[in-house]
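In our numbering, the protein residues as written are -9 to 151. Yeah, the Cβ is synthetic: ideal placement off N, Cα and C, and Gly gets one too. These figures come from a predicted structure and were not determined experimentally.
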Amino acid sequence: MTDQQTNGAAAEDNSPQFSMQRIYVRDLSFEAPKSPQIFRQSWEPSVALDLNTKQKALEGDFHEVVLTLSVTVKNGEEVAFIAEVQQAGIFLIKNLDAASMSHTLGAFCPNILFPYARETLDSLVTRGSFPALMLSPVNFDALYAQEMQRMQEAGEAPTMQ
């Protein structure tokens, strides 16, 4: 290898790298506490969605990101069903500065995981004999920006688990 090739290889090693290694369901639950009575009522649902993300560093440059979607659907005052999925992914992320790493783990990776989590919840709900649950897309970049602003106003430092 010439000096120029060696220097080029060294420069490549310091360039930012991102790759998805694995997407998987970490936890899944479904409960329909008012079955079968709920199926005999007129259907006027209200949907409450709670979402959360967490990440942790694994060995080397690998990171696990877990997106949790929890849905509670009520028909009137009664809970029709509660469904939750923890959709996780392992990502290889190298050579990013702290701000870019935080944004990648807090917004970019959840954006990748969301369609998988949405499909898993929809499938789970239809298997419970309820109408399809078509969740709207989520702007994780906006949520990340809001969280960073909240932390800055509260004087908190972003944490990497």
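Mind reading off the beta-carbon distance from LEU95 to VAL55? Whole number of angstroms is fine, and I expect it under 8 Å.
6 Å
Can you name, in chain order, every residue of its own chain whose Cβ lies under 6 Å from the Cβ of PHE8, other than the five neighbours on each side?
Cβ neighbours of PHE8 within its own chain (closer than 6 Å, five residues either side excluded): ILE83.
In terms of alpha-carbon separation, which member of THR58, ALA73, LEU57 lies closest to LYS64?
Nearest in C-alpha terms to LYS64, of all of THR58, ALA73, LEU57, is ALA73.
Helix, strand or coil: how does DSSP classify GLY96 here?
helix
Report yes if the C-beta distance between ILE13 and GLY118 is below 8 Å; otherwise report no.
no
Taking Cβ to Cβ, would you say LEU18 is nearer than 8 Å to LEU41?
In this structure, LEU41 does not lie closer than 8 Å to LEU18 by Cβ.
For GLN11, report the span of its beta strand (DSSP E) as first-last.
7 to 21
Does DSSP put MET150 in a helix, in a strand, or in coil?
For MET150, the predicted structure reports a pLDDT of 48, less than 50, and the residue's modelled location is therefore unreliable. The matter cannot be settled from this model.
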